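Worksheet: the structure to be examined is printed underneath.
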Amino acid sequence: PFYAAEYLRTAVEAGILSRNQKCEWQIAPAFSKKDSLEGYHLPLPSSMQEILLYRLQSLPPHTYKVLEFMATLGRPTPIALLTLLTNTTHNLQELQRSHIIEEVKPNILGFSHHKFSEFTYQQLFNHRQGYHQQVAIALEQYYGTESEEQFAEIGHHWEQSGRPNKAQRYYLAAARYAY
Numbered sequence: 101p102f103y104a105a106e107y108l109r110t111a112v113e114a115g116i117l118s119r120n121q122k123c124e125w126q127i128a129p130a131f132s133k134k135d136s137l138e139g140y141h142l143p144l145p146s147s148m149q150e151i152l153l154y155r156l157q158s159l160p161p162h163t164y165k166v167l168e169f170m171a172t173l174g175r176p177t178p179i180a181l182l183t184l185l186t187n188t189t190h191n192l193q194e195l196q197r198s199h200i201i202e203e204v205k206p207n208i209l210g211f212s213h214h215k216f217s218e219f220t221y222q223q224l225f226n227h228r229q230g231y232h233q234q235v236a237i238a239l240e241q242y243y244g245t246e247s248e249e250q251f252a253e254i255g256h257h258w259e260q261s262g263r264p265n266k267a268q269r270y271y272l273a274a275a276r277y278a279y
């Protein structure tokens, strides 16, 4: 179902499909005047990876960066934390309209499907450490250094950023809090 839904969403974004005044799906008026759709090609992706790439590659870089931070965080995220990481909320609305992210609780956003998160994180392979470092810094600023509930998460991001000494400090604090 996800594959089919994303392919249809792509056809709508490409202007091939639209809704008429009765909200029924139809071939967009620009194409319905032709005898066929011949000459216009919306490739049928052969894999889920291709459909995700096709959907996400059209996003502006500053909008895609929001997804990279969300994928690095790995969980639904408060809008205020995303704003701290990206310095904007405009991109969040654009991503919600595109059905890539959604509000899972009031003021908390998550991916509309885990495949978006997985794919985006996979694409970060050369830049993960930098993203984890930025996330760790933002978590420290957002929650403060006295927020015991977040110590393990902050430690994880410091560890993934290649800063084991900072990670160890947070992991020990998380262990003391849990004990």
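The sequence shown runs 101 to 279 under my numbering. Just so you know, even glycine gets a beta-carbon here, dropped at the ideal spot from N, CA and C. Model, not experiment: these values are computed from the prediction.
How long is the line joining the alpha carbons of residue i and residue j, rounded to whole angstroms?
| i | j | result |
| --- | --- | --- |
| Gln126 | His199 | 21 Å |
| Gly244 | Gln121 | 52 Å |
| Asn191 | Gly174 | 19 Å |
| Arg109 | Arg228 | 29 Å |
| Leu167 | Glu259 | 21 Å |
| Ala267 | Gln250 | 12 Å |
Please state whether DSSP places residue i in a helix, a strand or coil.
| i | result |
| --- | --- |
| Phe225 | coil |
| Arg109 | helix |
| Arg119 | strand |
| Gly255 | helix |
| Gly210 | strand |
Can you have a look at residue i and say buried or exposed, based on whether 16 or more other CB atoms are within 10 angstroms of its CB?
| i | result |
| --- | --- |
| Thr290 | No answer is possible for residue 290: the residues shown for the chain start at 101 and end at 279. |
| Tyr270 | buried |
| Tyr242 | buried |
| Ala278 | exposed |
| Leu181 | buried |
Using C-beta distances below 8 Å, list every residue in its chain close to residue i, excluding the 5 sequence neighbours before and after it, in chain order.
| i | result |
| --- | --- |
| Val204 | Pro176, Gly210 |
Item to check | Unbroken stretches of the alpha helix (DSSP H), 4 residues or longer, contained in the stretch 150-206 | outcome: 161-173, 179-186, 190-197
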